[in-house]
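Position one of the sequence shown corresponds to residue 8 (this note's numbering), numbered consecutively onward. Worksheet: one structure, shown below.
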Amino acid sequence: MPAAQQRRPNFLLFVTDQHRADHLGCYGNADVRTPHIDALAAGGCRFDDFHVATPICQPNRASLMTGRLPSVHGLQMNGRELSFGERTFVDTLREAGWRTALVGKSHLQNITTAPTAWPAAGQRLPRESLRPFPGRYGQEIWKRWEDDPQFELELPYYGFEQVVLTIGHGDQQHGHWRRWLRQQVADADKLIGPHNAIPTPGLHLGRLGQAWRTRVPEELHPTRFIADQTCAMLARLAQGESPFFLQCSFPDPHHPFTPPGRYWDMFRPGDVSLPSTFGADAVDPPPALAYLREQRRANPDFRPAFGSFACSEQEAREAIALNHGNLAHIDDGIGRVMAQLQALGLDDNTVVMFTSDHGDLLGDRGLLFKGGLHYPALTRVPFIWRDPVGAAVQRTSAALAQTIDIAPTVLARAGLASANGMQGLSLLPVLAGDTSDVRQHLLIEEESQRSDFGMDRRLRMRTLRDGQYRLTVYDGQDWGELVDLRQDPLELRNLWNDAAALALRGALAEQLARAMLAAADTSPYPGAAA
């Protein structure tokens with residue numbers, strides 16, 4: 008075996024936020040400008056049927072780190088904390104001698120002080136059955152960083168020995184970026200937020216509080232900061248002999264949309280393409296869609312927060328154009344990082360990956376943002392694996408895979424075993440061209456903080472997805488979704504109530520039940536027989 012292949016590999020993982028797979032050039036989008044990400048795909052393997060464990064930020068990031076579904080690792084919704092009792096794959100790498108670092112967004116712990124939306128106001132929270140595993144929680148709450156200029160993470164943090172942290176989205180981020188910005192510019196806070204923004208009359212998303220033209224210049228924006236800090240981290244890591252794992256995590260292209268400088272108007276709303284489902288008629292759509300449209304019609308002063316909502320065509324076009332601007336900014340940052348990797352002589356032994364934590368509707372079905380729907384706009388995300396040493400035989404893969412598969416794949420490439428209870432599967436066989444059937448189906452979970460769609464309870468749902476069908480069930484509801492993905496790739500015909508599909512629905516419901524049974528936690532392993 009050549010000496011180069013005997014070296015333990017480095018790993019560089021890029022993560023974007025709220026980024027659907029089809030908003031990259033390498034995934035077939037002709038509108039976006041992502042040449043550097045496209046170059047990663049051209050030199051590696053692009054997974055075309057890759058889905059999240061849940062289309063919610065915090066729990067899916069925890070699934071990425073643990074290789075476990077949210078119902079198992081316990082961080083099932085935003086506003087919770089990933090238990091320090093959970094083993095991350097970064098923990099395992101660190102214990103095996105890898106140096107570990109994170110630059111950008113973590114979001115493995117709660118970041119806000121906002122009160123929960125459930126239970127309803129006036130209702131008392133009950134005592135909890137589960138007590139927190141010992142450890143220091145609340146380390147990512149932005150206000151702690153603001154109130155105490157000396158506040159820092161307790162390291163190692165979920166396996167990361169070095170962390171440069173950003174907290175939040177757009178130009179309103181906190182953590183190390185906000186402290187750095189205040190060192191660069193006097194009265195730095197006067198550059199930040201909608202009240203300090205450059206006026207943009209006629210911006211529809213501006214009236215909704217979801218976009219503004221920031222005064223933060225390109226060179227000081229969080230996206231540029233994260234790319235530059237990643238380059239600096241690479242320079243430090245290049246000085247050591249042992250391998251490293253470095254995660255570069257961008258909080259964009261998440262709303263509110265605040266691409267800086269030239270990225271703000273790099274794309275014009277009138278020129279971008281709307282999703283083909285924007286005005287399409289659906290057959291027997293779930294009641295959730297009708298609810299969202301009626302909510303917007305009945306309340307002209309409606310202002311969205313983070314959940315999905317019905318949008319106008321102009322709002323969708325503005326969101327897509329600004330989203331593309333954010334992506335172009337991120338892509339330029341990834342280009343700088345990759346140039347640094349090459350300049351330091353690290354590219355010949357560094358596995359580079361790219362993924363996102365979940366998608367965004369961005370006009371799909373006439374909706375924006377996310378929540379309570381398992382359309383591919385929300386569940387299907389990019390995953391690219393570029394390995395210059397163990398070069399992939401496959402350049403594209405149609406294999407069904409999901410976020411929990413990243414952790415065991417990295418560990419397998421490092422020559423390390425997965426932990427008991429890790430539910431993901433190594434994708435190395437797929438990359439080697441041996442098989443496209445690592446898994447026959449996948450389970451997607453969602454637990455909401457809110458009682459969405461006018462329900463009388465907090466939204467809870469599960470989806471089974473295989474190569475042909477998607478079945479989605481909602482807790483406490485007599486409606487759901489059944490879609491034939493081959494006959495109806497846009498998922499416009501819901502077969503849930505189709506009499507001819509009742510037997511199929513029953514068979515898929517049984518498969519879903521078996522998938523949920525198989526997803527039960529197997530850790531810890533019994534220590535003795537009884």
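For each residue, glycine too, the CB sits at the ideal point set by N, CA and C.
Just curious, the beta strand (DSSP E) that residue i is in, first and last residue?
i	result
GLY271	Per the sequence presented here, residue 271 reads as Trp, with Gly not at that position. No beta strand (DSSP E) contains TRP271, which DSSP labels as neither H nor E.
TRP392	390 to 393
THR107	106 to 112
ILE451	448 to 454
LEU19	17 to 23
GLN409	403 to 409
LEU253	251 to 256
ARG53	52 to 58
What does the alpha-carbon distance come out to for the pair residue i and residue j?
i	j	result
HIS228	PHE313	22 Å
ASP495	ASP473	14 Å
HIS114	GLN409	19 Å
GLN179	LYS150	12 Å
GLN169	ASP491	46 Å
SER319	GLY35	25 Å
GLU452	ARG372	21 Å
VAL192	ARG186	10 Å
GLU498	ASP45	27 Å
GLN65	MET84	7 Å
ASP441	LEU160	43 Å
ARG493	ILE413	26 Å
PRO395	ASP354	7 Å
THR416	GLU322	39 Å
SER280	ASP38	7 Å
LEU519	PRO293	19 Å
ILE199	ILE205	10 Å
PHE91	PRO141	7 Å
PRO208	GLY428	53 Å
GLU93	ASP272	43 Å
THR362	ALA384	14 Å
SER70	ALA28	18 Å
THR61	ILE174	21 Å
THR479	GLY352	47 Å
CYS238	GLY81	34 Å
LEU524	LEU450	11 Å
ASP485	MET462	12 Å
ARG220	ASP154	27 Å
LYS377	GLY268	27 Å
Classify residue i: buried if its beta carbon has 16 or more other beta carbons within 10 angstroms, exposed otherwise.
i	result
ALA10	Note that ALA10 scores a pLDDT of 41, beneath 50, so its modelled location is shaky; the value from the coordinates is reported in the next line. Exposed is the call here.
ILE118	buried
GLU177	Reading the sequence as shown, one finds Gly at residue 177 and not Glu. So GLY177 ends up on the buried side.
PRO531	exposed
SER249	exposed
ASN501	buried
ALA514	exposed
VAL290	exposed
LYS112	buried
ASN306	exposed
LYS197	exposed
ALA326	buried
ARG243	exposed
GLU517	exposed
PRO122	exposed
GLU226	exposed
Tell me, please, whether the CB atom of residue i is closer than 9 Å to any CB atom in chain B?
i	result
LEU407	Among the protein chains of the structure shown there is no chain B, as only one such chain exists.
Note the first and the last residue of the continuous alpha helix (DSSP H) segment covering residue i.
i	result
ASP29	Taken as a continuous stretch (DSSP letters only), ASP29 belongs to no alpha helix (DSSP H), as it is neither H nor E.
GLN65	64 to 73
ARG300	294 to 305
GLY213	211 to 214
PHE232	229 to 244
VAL79	77 to 80
GLN190	183 to 191
THR99	96 to 102
At a cut-off of 8 Å, is residue i close to the ligand HEM when judged by its beta-carbon and the heavy atoms of the ligand?
i	result
ASP482	You won't find the ligand HEM in this model; it holds no ligand whatsoever.
(request) Report the residue ranges of all alpha helix (DSSP H) runs contained in full by the region 117 to 171; include only those spanning at least 4 residues, in chain order. (result) Runs found: 149 to 154.
(request) May I have a chain-ordered list of the beta strand (DSSP E) segments no shorter than 3 residues that lie completely inside the region 323 to 368? (result) Runs found: 357 to 363.
(message) Across the region 281 to 293 and the region 49 to 56, are there enough close Cβ pairs to call them in contact, namely three or more that are closer than 8 Å?
(response) The region 281 to 293 vs the region 49 to 56: no contact.
(request) Tell me, please, whether the region 304 to 313 touches the region 215 to 223 by the rule of three or more beta-carbon pairs shorter than 8 Å. (result) A contact is defined here as three or more CB-CB pairs under 8 Å, and the region 304 to 313 meets this definition with respect to the region 215 to 223.
(message) Count Cβ pairs between the region 236 to 251 and the region 292 to 300 that sit closer than 8 Å; are there 3 or more?
(response) Contact annotation: the region 236 to 251 does not touch the region 292 to 300, with fewer than three C-beta pairs closer than 8 Å.
(request) Please determine if the region 415 to 430 and the region 89 to 109 are in contact, where contact requires at least 3 C-beta pairs separated by less than 8 Å. (result) For the pair of segments examined, the region 415 to 430 was found to touch the region 89 to 109: the number of CB pairs separated by less than 8 Å reaches three.
(request) Kindly confirm or deny that the region 130 to 143 and the region 449 to 466 touch, where touching means at least three C-beta pairs closer than 8 Å. (result) The region 130 to 143 is not in contact with the region 449 to 466.
(request) Scan the region 411 to 440 and note each continuous alpha helix (DSSP H) run of 4 residues or more that stays entirely inside, going in chain order. (result) Listed in chain order, they are 413 to 420, 435 to 438.
(request) Identify every run of the beta strand (DSSP E) within the region 444 to 512, keeping only runs that are complete inside it and at least 3 residues long; order them along the chain. (result) Within the region 444 to 512, the complete beta strand (DSSP E) runs of at least 3 residues are 448 to 454, 467 to 473, 476 to 481, 487 to 491.
(message) Does the structure place the region 270 to 282 close enough to the region 340 to 350 that three or more beta carbon pairs sit under 8 Å?
(response) Here the region 340 to 350 makes no contact with the region 270 to 282; the two share fewer than three CB pairs at distances below 8 Å.
(request) Could you tell me whether the region 68 to 77 touches the region 383 to 392, using the rule of 3 or more Cβ pairs below 8 Å? (result) By the Cβ criterion, the region 68 to 77 is not in contact with the region 383 to 392, since fewer than three pairs of Cβ atoms, one from each stretch, lie closer than 8 Å.
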